[in-house]
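A short write-up of the structure that comes next.
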Amino acid sequence: MQQLFVILTNAIQIYSWALIIYIFMSWFPGARESSIGQFLAKICEPFLEPFRRIIPPLGMIDISPIVAILVLNFANMGLRELYIMLM
804 MQQLFVILTN AIQIYSWALI IYIFMSWFPG ARESSIGQFL AKICEPFLEP FRRIIPPLGM
864 IDISPIVAIL VLNFANMGLR ELYIMLM
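If you're matching positions, the sequence shown starts at 804 in this note's numbering and goes up one per residue.
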């Protein structure tokens, strides 16, 4: 049971870092067209899409990735609390 929680919390952390890297890639021209950028788009865009539908961009600033990362952090904290309750 402990290994499952460790795997899930690590996966959430890795995915959070993937989102952060994907966000920073938007600052560099042509970075999202690279093979790494396309891979990150395939794994990040499906998660970001619902947040972008709910939260409109503020001019040129898109805050939906920030909200998505916060949701992942809350999920990670919830998993840790669930693990503490079960153990």
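Ideal placement from N, C-alpha and C gives every residue a C-beta, glycine not left out. Just so you know, these numbers come straight off a predicted model, no measurement behind them.
Secondary structure at residue 858: coil, using DSSP grouped into helix, strand and coil. In this structure the region 840-850 touches the region 814-830; the number of beta carbon pairs closer than 8 Å is three or more. In this model, residue 804 and residue 851 are separated by some 30 Å (Cα to Cα).
According to the DSSP assignment, residue 878 belongs to the alpha helix (DSSP H) that extends over 867-889.
In the DSSP assignment, residue 839 forms no beta bridge with any residue.
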